[in-house]
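The next block holds one structure in the form of structure tokens; read it before the comments.
Protein chains: 2
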Amino acid sequence: MNVSHHAEFFQMLGDPTRLAIFDHLSRGETSVGELAGHFPISQPAVSQHLGVLREWGLVERRREGRNMYYRTRSEGLAPLIDWLAHYQAFWPEKLDRLKSLMKEMHHAPRK
Amino acid sequence: MNVSHHAEFFQMLGDPTRLAIFDHLSRGETSVGELAGHFPISQPAVSQHLGVLREWGLVERRREGRNMYYRTRSEGLAPLIDWLAHYQAFWPEKLDRLKSLMKEMHHAPRK
DNA sequence: CAGATATATAAGCCGTGACTTATATATTAA
DNA sequence: TTAATATATAAGTCACGGCTTATATATCTG
Numbered sequence: 001m002n003v004s005h006h007a008e009f010f011q012m013l014g015d016p017t018r019l020a021i022f023d024h025l026s027r028g029e030t031s032v033g034e035l036a037g038h039f040p041i042s043q044p045a046v047s048q049h050l051g052v053l054r055e056w057g058l059v060e061r062r063r064e065g066r067n068m069y070y071r072t073r074s075e076g077l078a079p080l081i082d083w084l085a086h087y088q089a090f091w092p093e094k095l096d097r098l099k100s101l102m103k104e105m106h107h108a109p110r111k
Numbered sequence: 001m002n003v004s005h006h007a008e009f010f011q012m013l014g015d016p017t018r019l020a021i022f023d024h025l026s027r028g029e030t031s032v033g034e035l036a037g038h039f040p041i042s043q044p045a046v047s048q049h050l051g052v053l054r055e056w057g058l059v060e061r062r063r064e065g066r067n068m069y070y071r072t073r074s075e076g077l078a079p080l081i082d083w084l085a086h087y088q089a090f091w092p093e094k095l096d097r098l099k100s101l102m103k104e105m106h107h108a109p110r111k
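Protein sequences, first through last, are from chains Z and F. If you use the working numbering, the first sequence corresponds to residues 1 to 111, in order. If you use the working numbering, the second sequence corresponds to residues 1 to 111, in order.
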């Protein structure tokens, strides 16, 4: 449990634009240009956010001609899960709520 | 799923000192002065971090004479859990890993 | 009440990081 | 090869937030 490493991870997710980009990508693979069209910032700014997300293993990319297609990597969320699990160990009574919450999501219709 | 609200939450946890203070408190109720002794920053800085954590419902406090004792509120982590659960819905195959990880923690000796 | 102790709030400084524009690199098309 | 398109990198600007010191507030003690 390295606190400052986790803090960096949280900080990385702590930018609204970057988080929104990740959220968008979680709905499906997208090219940089298409992404840039969805946000009120320049293409270089989008590329910079993608670069950060990629450094942390939250996204990966694939070239197709001149386009780069980015997609999310669910394993990238492991630090978050680990961090949460750590505190769940201190508060076992909360574990059940989390479990049931996740079961709900699992059974809910996929949007 | 309000992205910018979640981003603010991540940003709030994204400071290493603030996260370390939360981590320390998760081990047990502590007074402000005692906390300040554990970190290389001034007492006002500690109070400011505690103020932010309190605004987000991650800690609560209780007065005892001149001292203020702070303790964590596990419910404060709900935004994080909700955010994760949202993505788990997109990646159900990852749900099992999380569950088993948490079960491990649950059975591991409490440190 | 006066002084000491514990914490909170105010004001100001300063580094970090998210953005911009300009430019470099890679790929395709003519 | 030259031009056009898609993305990445570089350099510079600026706002935000975490820190400091100074001071206000609350509680206890003599």
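Beta carbons are placed, not taken as given, at the ideal position from N, Cα and C, and that holds for glycine.
Practice prompt. Any chance you could list the alpha helix (DSSP H) runs of at least 4 consecutive residues sitting entirely within the stretch 25-54 of chain Z, in chain order?
Written response: Fully enclosed alpha helix (DSSP H) runs of 4 or longer: 32-38.
Item to complete: Run the CB neighbour count on M12(F), radius 10 Å, all protein chains shown included, and call it buried at 16 or more, exposed below.
Response: Only buried fits M12(F), as 16 or more other CB atoms lie within 10 angstroms of its CB.
Fill in: Residue-level contact to chain Z via CB, L25(F), 8 angstroms cutoff
no
Worksheet item: Should Y69(F) be flagged as near chain Z, meaning a C-beta pair shorter than 8 angstroms?
Response: Against chain Z, the CB of Y69(F) has no partner CB under 8 angstroms away; the residue lies outside that interface.
Worksheet item: Is the shortest distance between the beta-carbon of A20(Z) and the beta-carbons of chain F less than 8 angstroms?
Response: yes
Worksheet item: In this structure, does DSSP put M12(Z) in helix, strand or coil?
Response: helix
Worksheet item: Taking all protein chains shown into account, do 16 or more other C-beta atoms lie within 10 angstroms of the C-beta of Q88(F), making it buried, or fewer, making it exposed?
Response: The residue is buried, with at least 16 neighbouring Cβ atoms inside 10 Å.
Worksheet item: Taking C-alpha atoms, which residue in A20(F), Q48(F), G51(F) lies nearest to H38(F)?
Response: With distances taken between CA atoms, H38(F) lies nearest to A20(F) out of A20(F), Q48(F), G51(F).
Practice prompt. Note the first and the last residue of the continuous alpha helix (DSSP H) segment covering L77(Z).
Written response: Segment: none, L77(Z) is in no alpha helix (DSSP H) and carries neither H nor E.
Practice prompt. Measure the C-alpha to C-alpha separation of Y70(Z) and A36(F) and round it to an integer number of angstroms.
Written response: 44 angstroms
Worksheet item: DSSP on H5(Z), reduced to helix/strand/coil?
Response: helix
Discussion item. Please list, in chain order, the chain F residues whose beta carbon lies closer than 9 angstroms to that of G57(Z).
Written reply: Here the premise fails: no neighbours, minimum Cβ distance about 14 angstroms.
Fill in: R18(F) - DSSP class collapsed to helix/strand/coil
helix
Worksheet item: What residues from the stretch 2-17 of chain Z come within 7 angstroms of chain F, judged by C-beta to C-beta, listed N to C?
Response: V3, S4, H6, A7, F10, Q11, L13, G14, D15, P16
Worksheet item: Hey, G76(Z) and L58(Z) are a contact pair by Cβ (cut 8 angstroms); roughly how many whole angstroms apart?
Response: 4 angstroms
Worksheet entry | Nearest neighbour of E8(F), chosen from M68(F), A85(F), V52(F), R63(F) [CA to CA] | V52(F)
Worksheet item: Ends of the beta strand (DSSP E) at R61(Z)?
Response: For R61(Z), the enclosing beta strand (DSSP E) starts and ends at 59-64.
Practice prompt. Return yes when the C-beta of G28(Z) is under 7 angstroms from any heavy atom of the ligand MG, and no when it is not.
Written response: The ligand MG is not part of this structure, which contains no ligands at all.
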